[in-house]
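Visitor: Heads up: take any position in the sequence shown, counting from 1, add 301, and you land on this note's numbering.
Backbone N, C-alpha and C fix where the C-beta goes; we use that ideal spot for every residue, glycine too.
Values in this document were obtained by computation on a predicted structure and should not be read as measured data.
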Amino acid sequence: MRSRVQQLRAWLRRNGLSPKGKLAFITWYLFALDLLLLAIQKVADFFRSSFGKSLGGWIIFLSLFVIVFFGMLAGRWLSSRLLWRLRNRLIVTYIFVGIIPLTLLITLAIGGFYLSAGQFATFIVTSRLDSELKSLEASNLVIAHRLSAELATGGKSEALRYGNPNAWGRSQVCAWLDNKLLLNNSAAQLSPVPPGYPSAQPAQVVRDQGNFFLRSVATVVIKDGKLTVVSSRQLDQRRLLGLATDLGQVTWYVRDARNGTRYPINSVGEIPPPQRTLDSEVRFPADISVVNWTDGSVSSSASISVQTRLSTLYEHLFAALGELAASIKFLLLVGTIALGVFVAIAIYIGTGLTRSVTGAVAQLYEATTHVNRGDFSHRIAITSNDQIAALASSFNLMTESIEKLILEQKEKHRLENEIIIAQEVQAQLFPRHISQLPSLEVYGFCRPARSVSGDYYDFLTIGSEKLILAVGDVSGKGISAALLMATIHSAVRAYSMEGIPILRQAQAVGAGPALVAKYDPTLPGAEVSPGTLLSLLNHQLYHSTPMEKYATLFLATYDGEDRKLTFANAGHLPPMLLGENGSIRRLKDGGTVVGLFDDISYDEGSVQLRPGDIFLAYSDGVTEPENDFGEFGEPRLIELVQENRDLPLHRITEIVTAAVDDWIGSAEQPDDVTLVLARAR
302 MRSRVQQLRA WLRRNGLSPK GKLAFITWYL FALDLLLLAI QKVADFFRSS FGKSLGGWII
362 FLSLFVIVFF GMLAGRWLSS RLLWRLRNRL IVTYIFVGII PLTLLITLAI GGFYLSAGQF
422 ATFIVTSRLD SELKSLEASN LVIAHRLSAE LATGGKSEAL RYGNPNAWGR SQVCAWLDNK
482 LLLNNSAAQL SPVPPGYPSA QPAQVVRDQG NFFLRSVATV VIKDGKLTVV SSRQLDQRRL
542 LGLATDLGQV TWYVRDARNG TRYPINSVGE IPPPQRTLDS EVRFPADISV VNWTDGSVSS
602 SASISVQTRL STLYEHLFAA LGELAASIKF LLLVGTIALG VFVAIAIYIG TGLTRSVTGA
662 VAQLYEATTH VNRGDFSHRI AITSNDQIAA LASSFNLMTE SIEKLILEQK EKHRLENEII
722 IAQEVQAQLF PRHISQLPSL EVYGFCRPAR SVSGDYYDFL TIGSEKLILA VGDVSGKGIS
782 AALLMATIHS AVRAYSMEGI PILRQAQAVG AGPALVAKYD PTLPGAEVSP GTLLSLLNHQ
842 LYHSTPMEKY ATLFLATYDG EDRKLTFANA GHLPPMLLGE NGSIRRLKDG GTVVGLFDDI
902 SYDEGSVQLR PGDIFLAYSD GVTEPENDFG EFGEPRLIEL VQENRDLPLH RITEIVTAAV
962 DDWIGSAEQP DDVTLVLARA R
């Protein structure tokens, strides 16, 4: 149990949650007291004591304080985590100073502009609808007074009933004297005015038998009774089209009384085409008050939606702004005031954060002036626990470490000089003056990936018609690979030229049967075959280098009299013989790498060189560099050499290495680049 408590404390300290400071201790104390009172209340309720009820108010009171205090602690904890990095502080500063005000401004502008445009679009449609209603109301009053005058002068109701049905224009007119129908110029029989319909009601949108009408009711009292005249105009597509004239698309929606959803029943007009790039579409609905004809109740069971363009609204607005201008001005004024308040708050917060950063930078600048004068005793006062404080602490430690850094710089300079010397020594190992044979011209190139290279190539001329050619790649890079490369270089030259003493030495050091069986002590060094040289070199490297060190090596001897190339390949990338007719032969005969296993024999192969044939050997630094399109690859290398086979060998090498550099691009050269070319004459 004790170990678990200690683990909990360690976890709290590691995550910055352990109580530190008076506020944290007070908060945890109140939280523990709140839990204690809650437990006492539960125990009292279990024993049905009235004491538990009296604790309810105290528990709620303490809980509120605990929540507030924990909120403050959480704010401090988040602040210490999020604002510890200087970069985060600057980001927060920029957000409060620039991004938040700009976002609020853009949001307010877009929202206010869209709402104003939508309200104006619906205002145009509803104004046209109101004009229709007022026109209907006026014509209905005229009809009512004309009928009442005709009846007052002695006209009979039978004559009125069969009057001209087109006398009242496009309106559907019905007239009743008390409850007796006098006139009906519509095909449908209207029901009488419902009892609940107010007599002084102006023209309204009415729903009757599932259809919508513009309807006006007028009542006139005469000596024979009460004359009621009802004029109706159906709200059909033709009338909606009149509302949508020069505006856009107008859709009439009906609200389902069961679930409140809206569904369209009529849609007329077309959305105008955009006049410019930012001529966006505006869509806005408006509820319409509808009177139910059966009982006279009023509801918002219908709505009208307008879809138009900003350019169309501009035309109508410039024609007649109306009262909408005052509403827009008021909304913009309120939005501007709110935006100003937010901007002021953001500037205040951003300024405070900026000062905390600039103050620390000023202290660092003052400290650097002391260091510049050679005063390393100056220390920056640390008063906070954030990244700025960590930076100040690092600066203080830096002044103590300057002398160590100077010593390390001197040591680094000495090592660089030694590397330069090693580079110069290695450059001497590569053949500088190559003696060409009458029947074969050769050329080699090596460019290290670092200061020194682990790749190796060499040419040894024996007389006027014989040449030993070597190409290799040592595992690893840097100084260790360069040292092993120098060892291989010396051994190949020694074994190739010293002959019999070297063979006897191989027997003395305990060479295996596969190696000793190949030696003929009567042969001079120049006549030792490539396979024999590889076996002897493998034996020496195996016993004189670490286990993880090895090398790939290709050895070949060329005899100019019979134009024959005899070779053995110890794990190196197979060189190729490129014929003038496009043929390609890979020189694979040999065995595994040298230096990894003891007592290894290597097979030999031979090939006849015809005039114009090109011998091509390379390291993996030529074919394995990668970019987004993959590796440089052997096919691309072959294609470059074949296309430029008639050029001088050094020019072919320049073309290949330039292509490899272009393939790598700006990236670092991944491996040593070695290329060996030979061409039969």
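Taking all protein chains shown into account, do 16 or more other C-beta atoms lie within 10 angstroms of the C-beta of L708, making it buried, or fewer, making it exposed?
Guide: So L708 ends up on the exposed side.
Visitor: Could you give the first and the last residue of the continuous alpha helix (DSSP H) run that contains E935?
Guide: Where E935 is concerned, the enclosing alpha helix (DSSP H) stretches over E935 to E944.
Visitor: Look at the alpha carbon of R887 and the alpha carbon of Q710, and state the distance between them as a whole number of angstroms.
Guide: Distance between the alpha carbons of R887 and Q710: 50 Å.
Visitor: Beta carbon of L391, beta carbon of Y744: below 8 Å?
Guide: Contact flag unset, no.
Visitor: Buried or exposed for F348, please, with buried defined as at least 16 other CB atoms from any protein chain shown within 10 angstroms of its CB.
Guide: Exposed.
Visitor: Taking G872 and V908 to be in contact with their CB atoms under 8 Å, please state how far apart those CB atoms are, rounded to whole angstroms.
Guide: Between V908 and G872 the Cβ distance is about 19 Å, and since that is not below 8 Å, they are no contact.
Visitor: Quick one: residues in its chain with C-beta nearer than 8 Å to the C-beta of V426, no 5 flanking neighbours on either side, listed in chain order?
Guide: Excluding residues within five positions, the ones whose Cβ falls inside 8 Å are L544, A545, L548, V551, A587, I605 and V607.
Visitor: Per DSSP, which residues does M877 bridge with? Please list them.
Guide: For M877, which the question treats as bridged, DSSP gives the partners R887 and L917.
Visitor: Quick check on the burial criterion: 16 or more other C-beta atoms within 10 angstroms. Buried or exposed for S355?
Guide: That one is exposed.
Visitor: Less than 8 Å between C-beta atoms, sequence neighbours within five positions excluded: which residues of the same chain meet that for Y554?
Guide: Counting only Cβ-Cβ distances below 8 Å, and skipping sequence neighbours, we find R563, Y564, P565, I566, P586, A603, S604, I605 and S606.
Visitor: Do you know whose CA, among N485, G891, L478 and T609, lies nearest T529's CA?
Guide: Of the candidates N485, G891, L478 and T609, the one whose C-alpha sits nearest the C-alpha of T529 is L478.
Visitor: To the nearest whole angstrom, what separates the beta carbons of R946 and E742, a pair I think is in contact under 8 Å?
Guide: Between E742 and R946 the Cβ distance is about 13 Å, and since that is not below 8 Å, they are no contact.
Visitor: Return the residue from the list T394, Y851, D774 and L770 that minimises the CA-CA distance to V753.
Guide: Nearest C-alpha to V753: D774.
Visitor: Rounded to whole angstroms, what is the Cα-Cα separation between Q505 and S449?
Guide: About 23 Å.
Visitor: What does DSSP give as the partner residues of K354 in its beta bridges?
Guide: Answer is none; K354 lacks a bridge partner.
Visitor: Less than 6 Å between C-beta atoms, sequence neighbours within five positions excluded: which residues of the same chain meet that for E616?
Guide: Hits under 6 Å: none found.
Visitor: Determine the direct distance from the alpha carbon of T637 to that of K435, and round the result to whole angstroms.
Guide: So the alpha carbons of these two residues sit roughly 39 Å apart.
Visitor: Run the CB neighbour count on M786, radius 10 Å, all protein chains shown included, and call it buried at 16 or more, exposed below.
Guide: With 16 or more other Cβ atoms within 10 Å, it is buried.
Visitor: So the candidates are I885, F760, P831 and D929; which of them puts its Cα closest to the Cα of G891?
Guide: Of the listed residues, the one whose Cα sits closest to G891 is P831.
Visitor: For the segment 829 to 848 against the segment 759 to 767, do three or more pairs of beta-carbon atoms, one drawn from each stretch, fall closer than 8 Å, so that the two count as touching?
Guide: These segments do not touch.
Visitor: Quick test of your reading: L374 and D335, contact by CB under 8 Å. State the CB separation rounded to the nearest angstrom.
Guide: Wrong, their Cβ atoms sit about 15 Å apart, outside the cutoff.
Visitor: Start and end of the alpha helix (DSSP H) containing T700?
Guide: It spans Q688 to E701 - the alpha helix (DSSP H) in which T700 sits, taken as one unbroken run.
Visitor: Could you pull out every residue in the same chain whose Cβ sits closer than 8 Å to the Cβ of E905, ignoring the five residues on either side in sequence?
Guide: So the list reads S830, P831, G832, T867, F868, A869, D890 and G891, once near-sequence residues are dropped.
Visitor: Using the Cα positions of A815 and D963, report the straight-line distance between them to the nearest angstrom.
Guide: Residue placement at A815 is flagged as unreliable, the pLDDT there being 47, under the threshold of 50; a coordinate-derived value is accordingly withheld.
Visitor: Would you tell me roughly how many angstroms separate the C-alpha atoms of L761 and L698, rounded to the nearest one?
Guide: Looking at the two C-alpha atoms, the distance is approximately 59 Å.
Visitor: Spatial neighbours of D525 within its chain, please: C-beta separation below 8 Å, excluding the five flanking residues on both sides.
Guide: Counting only Cβ-Cβ distances below 8 Å, and skipping sequence neighbours, we find L452 and L478.
Visitor: Any contact between the segment 952 to 972 and the segment 718 to 725? By contact I mean 3 or more CB pairs, one from each, below 8 Å.
Guide: No: the two stretches stay apart, fewer than three of their Cβ pairs being nearer than 8 Å.
Visitor: Leaving out five residues on either side along the sequence, give the residues of the same chain with a beta carbon under 8 Å from the beta carbon of S458.
Guide: Residue confidence for S458 is low, a pLDDT of 46 falling below 50, so the modelled location carries little weight; the figure read from the coordinates is stated next. If we look at S458 and ignore the five residues flanking it on each side, its Cβ neighbours are L452, L478, K481 and L483.
Visitor: Taking only three categories from DSSP, how would you classify T394?
Guide: Correct three-state label for T394: helix.
Visitor: With respect to the alpha helix (DSSP H) encompassing R539, which residues constitute its N-terminal and C-terminal limits?
Guide: Q538 to L544 is the extent of the alpha helix (DSSP H) around R539.
Visitor: Measure the beta-carbon distance from S612 to Q576 and round it to whole angstroms, keeping in mind my assumption that it falls under 8 Å.
Guide: Yes, they are in contact, since the Cβ atoms of S612 and Q576 sit about 4 Å apart, within 8 Å.
Visitor: Around the Cβ of P466, are there at least 16 other Cβ atoms within 10 angstroms (buried) or fewer (exposed)?
Guide: Residue confidence for P466 is low, a pLDDT of 47 falling below 50, so the modelled location carries little weight and cannot support an answer.
Visitor: Would you mind listing the alpha helix (DSSP H) stretches within the segment 579 to 643 that are 4+ residues and don't spill past its ends, in chain order?
Guide: Complete alpha helix (DSSP H) runs here, min 4: 611 to 620.
Visitor: Report the three-state DSSP secondary structure of I566 (helix, strand or coil).
Guide: In this structure, I566 counts as strand in the three-state DSSP scheme.
Visitor: In whole angstroms, give me the CA-to-CA distance for K865 and L738.
Guide: Between K865 and L738, the C-alpha separation is close to 13 Å.
Visitor: Is the Cβ-Cβ distance between E582 and I589 less than 8 Å?
Guide: In this structure, I589 does not lie closer than 8 Å to E582 by Cβ.
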